[in-house]
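S.K.: Position one of the sequence shown corresponds to residue 1 (UniProt numbering), numbered consecutively onward.
We put the CB at the ideal spot given by N, CA and C, even for glycine.
These numbers come from a predicted model, not from an experiment.
Below is one structure. I have some questions about it.
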Amino acid sequence: MILDIILILFLLIIGTSGFRNGLWLSFINFVCSAVAVFLGYKFYTQVANKLDLFIPFPKTKAYDMTYAFEFSNLQQRFNDVIAFIIVVFIARLILHIVIGVFGNMMQSGRSTLLSRLLGLVPSIIIALFIATLGVYIIALYPDAHLQHQLATSKLAELILYHIPYISNFIQHL
């Protein structure tokens with residue numbers, strides 16, 4: 001229940017941001033995110049191999065835990081998704097610095113209502129991708145409270161398994 005509320009609020013906040021930015025700025029943000037995801041997918045394995053030293057997976061609790069959603073190779077999946085997030089975050093940060101000038105130029109004009117409504121689409125796609133990553137990390141992390149929240153959440157299961165392309169992509173990292 002709490003996880004559902006958090007996910008709905010997250011989607012509303014990102015959707016509001018897309019509405020405020022308008023279509024062009026939301027589309028630039030979407031392209032920046034897509035390039036960052038591509039770079040993350042291309043380079044996450046190199047980071048994941050070294051990640052065990054810096055972000056250890058809690059193995060002692062992991063194999064005695066009852067998970068809301070069962071996955072194989074928990075430690076490898078956890079390292080892969082954390083490495084993917086690190087690479088995507090760094091790539092997005094660099095790309096946002098580079099395209100920051102365009103955002104300031106695009107924001108100077110007032111967007112029409114149609115542009116604002118269409119700006120919701122790319123921002124909701126980005127929000128669903130981020131929410132799927134978040135739910136996937138929660139599904140892999142061995143904490144009884146988090147697993148209970150995940151098991152009682154209707155929206156988390158929908159996000160993790162039933163979003164076309166995004167759910168499949170995240171689960172096969």
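When we look at the beta-carbon of R168 and count the other beta-carbons within 10 Å, is it buried (16 or more) or exposed?
M.R.: Position 168 of the sequence shown, counting from 1, holds the residue named residue 168. The residue asked about is misnamed: residue 168 is Asn in this sequence, not Arg. N168 is exposed by the Cβ-count criterion.
S.K.: Looking at the unbroken alpha helix (DSSP H) that takes in residue 176, where does it start and where does it end?
M.R.: The structure shown does not extend to residue 176, since the chain is modelled only from 1 to 173, so the question has no answer here.
S.K.: For D80, which three-state DSSP category applies?
M.R.: Here residue 80 refers to the residue found at position 80 of the sequence shown. Residue state, collapsed to three classes: helix.
S.K.: Apply the 10 Å Cβ neighbour rule to I97 and answer buried if 16 or more other Cβ atoms are within range, or exposed otherwise.
M.R.: Stepping through the sequence shown from its first residue, residue 97 is reached at position 97. By the neighbour-count rule (16 or more Cβ atoms within 10 Å), I97 is not buried but exposed.
S.K.: In the structure shown, what three-state DSSP assignment does F38 receive?
M.R.: Sequence index remark: in the sequence shown, residue 38 carries index 38 (1-based). F38: helix per DSSP, three-state reduction.
S.K.: Are the stretch 13–28 and the stretch 64–72 touching by the rule of at least three beta carbon pairs closer than 8 angstroms?
M.R.: The answer is no - the stretch 64–72 does not touch the stretch 13–28, with fewer than three Cβ pairs under 8 angstroms.
S.K.: Quick one: any contact between the stretch 142–151 and the stretch 36–52, if contact means 3 or more CB pairs under 8 angstroms?
M.R.: Flag = no, the stretch 142–151 and the stretch 36–52 do not touch.
S.K.: Going by beta-carbon coordinates alone, are F84 and Y44 separated by less than 7 angstroms?
M.R.: Looking up residue 84 in the sequence shown gives position 84. Looking up residue 44 in the sequence shown gives position 44. Yes, the Cβ-Cβ distance between F84 and Y44 is below 7 angstroms.
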